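Order-wise, the sequence lines are chains A, B, C, D, E and F.
If you count by our numbering, then the first sequence holds residues 1 to 217, one letter each, in order.
If you count by our numbering, then the second sequence holds residues 218 to 434, one letter each, in order.
If you count by our numbering, then the third sequence holds residues 435 to 678, one letter each, in order.
If you count by our numbering, then the fourth sequence holds residues 679 to 918, one letter each, in order.
If you count by our numbering, then the fifth sequence holds residues 919 to 1158, one letter each, in order.
If you count by our numbering, then the sixth sequence holds residues 1159 to 1216, one letter each, in order.
Here a beta-carbon is modelled for each residue, glycine too, at the ideal position from N, C-alpha and C.
Model, not experiment: these values are computed from the prediction.
So the structure is just underneath, and the comments pick up after that.
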Amino acid sequence: MDLPTLLSAHDLECARGERTLFTGLGFGLEAGRLLLVQGGNGQGKTSLLRLLTGLATPAAGEVRWRGEPIRRARERYHREMAYVGHANGIKEEFTPLENLRLEAGLAGRALDEAAAAQTLSGLGLARCLDLPARVLSFGQRRRVALAALLTAGALLWILDEPLTGLDVHGVALVEELLRDHLAAGGMVVMTTHQPLTLDGVQVQKIRVGDWAPAARR
Amino acid sequence: MDLPTLLSAHDLECARGERTLFTGLGFGLEAGRLLLVQGGNGQGKTSLLRLLTGLATPAAGEVRWRGEPIRRARERYHREMAYVGHANGIKEEFTPLENLRLEAGLAGRALDEAAAAQTLSGLGLARCLDLPARVLSFGQRRRVALAALLTAGALLWILDEPLTGLDVHGVALVEELLRDHLAAGGMVVMTTHQPLTLDGVQVQKIRVGDWAPAARR
Amino acid sequence: MSINWYKYASPATFYGLAGRLIPGFAWAAAVLAAAGLYIAFFLAPTDFQQGEAYRVIFIHVPAAWMGMFIYLVMAFWSAVGLAFNTRLSFMMARALAPTGAMFTFVSLWTGALWGKPMWGAWWVWDARLTSTLILLFLYVGIMALWAAIDDPRRGDRAGALLTIVGAINVPIIYFSVKWWNTLHQGASVKPSGTSMDEVMLAGMLVMAVAAWFYSIAVAFARVRRIILERERHTDWVNAQLERA
Amino acid sequence: MLRFAAPLETREEDASSSSLRFLLTVIRRDLLLAARRRGDWLTAQFFFVMVVSLFPLGVGPEPELLRRIAPGVVWVAATLASLLSLTRLFADDHRDGSLEQMLLSPEPAVLLTLGKAAAHWLIYGIPLLIVAPVLGIQFALPWDAVGVLVLSLALGTPILSLLGAVGAALTLGLRGGGVLLTLLILPLYVPALIFGAGAVDGVISGTGAEAHLSLLGAFFVLSLILTPWVSAAALKVSLE
Amino acid sequence: MLRFAAPLETREEDASSSSLRFLLTVIRRDLLLAARRRGDWLTAQFFFVMVVSLFPLGVGPEPELLRRIAPGVVWVAATLASLLSLTRLFADDHRDGSLEQMLLSPEPAVLLTLGKAAAHWLIYGIPLLIVAPVLGIQFALPWDAVGVLVLSLALGTPILSLLGAVGAALTLGLRGGGVLLTLLILPLYVPALIFGAGAVDGVISGTGAEAHLSLLGAFFVLSLILTPWVSAAALKVSLE
Amino acid sequence: MMEWASWSDFWAMGGYGLYVWGSYAVTFLVILAEVALLRQHGRQAVLKLKRMKQWEEQ
Ligand code: HEM
Ligand SMILES: Nc1ncnc2c1ncn2[C@@H]1O[C@H](COP(=O)(O)OP(=O)(O)OP(=O)(O)O)[C@@H](O)[C@H]1O
Ligand SMILES: Nc1ncnc2c1ncn2[C@@H]1O[C@H](COP(=O)(O)OP(=O)(O)OP(=O)(O)O)[C@@H](O)[C@H]1O
Ligand SMILES: [Mg+2]
Ligand SMILES: [Mg+2]
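Shown next, in the form of structure tokens:
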């Protein structure tokens, strides 16, 4: 099966302050594949993901979606992409359900309330449906962010350490979600420091930071 | 060897909003021991740790340090205890070293600058010594918080998921630190969702959340 | 003293007690208000200086008194609550605030309506007027703080601290405003407690007592609701709900 | 257990209707947030009343003097009230990451900033219009002056929200953003302030308010057209 | 690699000297933070200057009128300037967790709040004192009145910082913190405002400033003694 | 009727009718509003508590 390469990066260079985190980074990702961005703390994983989302602009090189630079195809790209960063992106004064409703509204999607409530319950938040996110625990807030990801129904997921703060059941759940998403032809770019068990999934790996060895700064 | 029980909790009850997270929780912890607080997301681990630090007050029961309720022995207790929560407690505009210096100042300790710089380097922050914490990566900021813990030289460590955001080397490092601390007679109360390899350490476990089964709310 | 105060300080007991007392206070307030109004409009003579306009006094003065008095009571309950950690005291403070603010507003409103014919202006920056306005701001501030905090324990304590700081400040504010006003030559007419006709005084006092009973009745009703909400996981509230 | 059902195909939709829906969602979201903070609406009004009431305390109680400074005082207070709330226009959303999420929406960012400014005006501008008459009476303004005061505020407060959004976007994420914001935006507020207070003054002194009001209106239209683009650009720069 | 070396024994130390050291560290920390946010110090002054300068724009240019309202305007502007910065007194430390760390220090919390209020005064109060004479001259105040203006601000601005700390602690982490803080604190500021502006007025009108200044001093002492305790209590309540 | 010659006299209040009756009317309305709100909130609270109890029993 020869799927088309949907997301590709060409010769990316990222500079933060006076440091060049990586140069000449490139890859291509096909539908149904997962790209695992690897590297120790501070090697530039988050910086790379933000370049891929279009929130930050590379010092050199470009990111393409369906062959077009994302700068130009912004609208379409953002319709098909969803991002979960280190910050959860949920409003503390809203309940989980309200948060999902708002995200859907902003993306111009209709939200099926019952389905959303079920998604939240499926993520272990059944007892928190009517609590403002402010009082939720660290892991519960992360789960709300993941629920928002699910209801977005995007083709490409960009996930920055989605497992932080999740307990073992949570991790297993996320693994299942990833498998389902990939099986349905979705794509994932993600980072994590925890071991992932994703049997039957084609994982592509890329390592950042090797590009800029300690000596060169 | 029969060491005295330094930290003990008696019949603790914790209520958040209208929910009772746990009741009748009690334990005793001797010097050189580690207490692992277990439980899934939202079961009340963080809430328990905050009760133990004295930042929150239990709805019933009390926490004792060296036999005295911490309400009364507050000063002494806080001199011998250090806490790392979900938030790192570092100032974003200071460099890691300045952060350590300030924490030491607030605790009334003199800080050996060279030693502090070495601690930071030992935690893999050698290249970030002169960067404001704002630009550090997620994991690097967590490491600064851990460095502050180390320089505090406290007897009792209370750690809320110290491993979040750390890469594999970071996790190994923390495990080593824990072993050293316990071997030197220190005490640790901590939570984590990741597996810990602490050979040769006596680990005491407590599970929160079982105390308040789903049915009773 | 053999009265078991702690028993009455328990919300469960107080809930029942307040429920039994409310009708009494409410009826007393209604009857006294009717009597006061009768005195106000049919017995009290026309004022030789102000004509009939002075009849505003029968609500203006009781309202002004209640506005200030209720703040003091709130401060008292707040202090008790902080000192002895009694939940009921905080609830009392919460129950009183809206009524206090209401009376303060009434005294401002009636004063403004009185001022127009007497001074020719709806409002002057007189010491009494200004400090009443600031009192209203204090009430509003406390209620806004409560509204902003949804954890009841935190709300109770934060509100109590603010109430007490305000209570220490109210006299200071009052004297500062007075001092400020007298240094400039301000409004030439001031509300003055000139020797008053006895019937007038009687009417005012009757109205004041009515306002007092009204406040008690309303505060009790409000405190009952607060108790229900706070104690909803207890058995007695569940039993109460079965009946309601 | 969880079923994954991604509408992987992009839907083609009438672009302008989806833009409008986005705009309305942004506004509704902020209104909802404001509603969740019970009493905020009231609080904004009282803040305004309080700042205005401080002036007699500082300046002294003479009615004649107070009447003369009243238009200026009310307008300055309105400016400050709107500034104080503007500090948080984007900051909260930035901190919890939802601003990034909104920028990742397919709709252009200019709709986002326009929506945020509109919501700000609805929440913080409208209350000012409602309270202003009371303040006018406290300062013994004549009735027609009170009318013009309200009219000038109705035209002027949207300008404050729109311009303020630019400042809020520029200072996003900077330490001390609040104060810095003031520094950047207050000079831009000056024309609104002058025309607004001038209109009321015109009524009191009998020179008429039309000229001032129409200038204010022109300034409003100008900022409505221009500022959302500027704040959208500023927002992107601040998030880099 | 890393050597663990915990001074497991508690050290006995002279309590009062360690308290003093803690207080100074808190102050130094905030000063350092302010220094790190370059330009903040300047910005606070500019806000003050601008608010004051807006008045002639809103009120009109007559020198006689301006001179009469000058003390009030300067004092109201000082109040607002201090309020604006107070919103962040504890909020930043709360968000990043360092407030919790400071409360876990062995020293009592009252020293923390006292230190924070003192630092706030040093950072935001002192600049006002320096700029005030310039503003006084802009409004054509006589020299002796300018002197009293500075003196009254020197006595009054610490009150603003101290009382403001109470409000900042009470509203910590609440939505709408800034406006709410203002709502809570402005009524409490009234005496400072009246005595402060009154003192300057006293000089201008020839009735003398001593009475006002000594009342202001008394109010300062009172708040210095009482408010740190209240804010410490409020801080603990807010963090529960 | 000792003070008043007629009802219209009574309502006129010696020319101050607007002010006197304005005061009394607003006071009456405010008190009425307070009592009404109190009742409404009380009823709402009971309903809400019952609803929540039902949820919990489920
Ligand atoms: C908005 C305007 C007004 C406010 C806020 C106000 C406030 C007050 C307050 C707080 C009191 C109680 C003070 C005390 O007992 O020491 C009071 C009493 C009184 N007021 Fe007013 N007042 C206003 C307007 C007026 C006007 C226009 C008049 C009459 C011309 C007036 C006449 C009186 C009288 C006669 C008393 C009773 C004095 C006493 O018992 O000593 N007030 N007012
Ligand atoms: N202004 C700057 N000057 C120098 N270095 C900078 C600057 N800003 C950021 N950096 C560095 O850039 C890197 C950013 O890394 P990034 O956040 O992408 O890391 P990461 O791989 O996501 O790490 P983590 O696993 O901890 O999340 C960090 O090492 C940081 O120290
Ligand atoms: N006001 C409230 N009403 C109801 N429940 C509340 C309220 N505040 C907090 N909670 C609940 O209390 C729990 C707090 O849990 P805590 O933060 O202690 O969890 P935790 O065990 O640390 O979880 P995590 O592993 O996710 O960090 C959460 O389940 C939260 O939903
Ligand atoms: Mg990262
Ligand atoms: Mg936790």
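Under the three-state DSSP convention, the category residue i falls into
i	result
E/GLN1056	helix
B/PHE239	strand
B/LYS308	coil
B/VAL418	coil
A/GLU175	helix
B/ILE375	strand
D/GLU742	helix
C/ILE583	coil
B/ARG281	strand
B/LEU380	coil
A/ALA82	strand
D/SER763	helix
A/PHE27	strand
C/ASP631	coil
Buried or exposed (CB count within 10 angstroms, at least 16 for buried), residue i
i	result
A/ASP167	buried
C/GLU632	exposed
E/PHE1113	buried
E/VAL982	It should be noted that the sequence gives Glu, not Val, for residue 982 of chain E. Exposed, by the Cβ-count rule.
F/LYS1206	exposed
C/SER512	buried
C/ARG528	buried
C/ALA546	buried
Close-in-space but distant-in-sequence residues of the same chain around residue i (CB under 6 angstroms, 5 per side omitted)
i	result
E/PHE940	GLU1025, LEU1029
E/GLU1158	none
C/PHE593	Residue identity check: residue 593 of chain C is Gly in the sequence provided, not Phe. Closer than 6 angstroms at the Cβ level, and outside the excluded window around C/GLY593, lie ILE576, LEU579, TRP580.
B/VAL280	ALA226, LEU269, ILE287
C/ALA462	PHE647
E/LEU1133	PHE1113
C/HIS618	The pLDDT assigned to C/HIS618 is 44, lower than 50, so where the model puts this residue is not dependable; a value taken from the coordinates is nonetheless given after this. Around C/HIS618: no qualifying Cβ.
Span separating the alpha-carbon of residue i from that of residue j
i	j	result
D/LYS914	E/SER1156	35 angstroms
A/TRP65	D/ALA889	54 angstroms
A/PRO96	E/LEU1101	31 angstroms
C/THR533	C/ILE660	15 angstroms
C/ILE420	C/ALA601	Shown here, chain C extends from 435 to 678; a query on residue 420 of chain C therefore has no answer.
C/ARG489	C/PRO479	10 angstroms
C/THR544	C/ILE493	8 angstroms
C/VAL611	C/ALA561	5 angstroms
A/ALA107	B/TYR294	51 angstroms
Contact set for residue i: own chain, Cβ-Cβ below 7 angstroms, skip 5 residues either direction
i	result
E/ILE1077	ALA1110, PHE1137, PHE1138, SER1141
B/LEU372	GLU297, GLY403, MET404
B/HIS398	TRP374, VAL405
C/ALA452	PHE654, VAL657, ARG658
E/LEU1092	LEU1098
A/LEU163	VAL171, VAL174, THR192, GLN194
Proximal residues to residue i (C-beta, below 8 angstroms), its chain only, five neighbours per side dropped
i	result
B/THR222	GLY245, LEU246, GLU247
Cutoff 9 angstroms: residue i Cβ touching any chain I Cβ
i	result
A/GLU30	The question asks about chain I, but that chain is absent: this structure's protein chains are A, B, C, D, E and F.
Worksheet item: Of all residues in the structure, which have a C-beta closer than 7 angstroms to any heavy atom of ligand 4, taken in chain order?
Response: A/LYS45, A/THR46, A/HIS86, A/ASP160, A/GLU161, A/THR191, B/SER354, B/PHE355, B/GLY356
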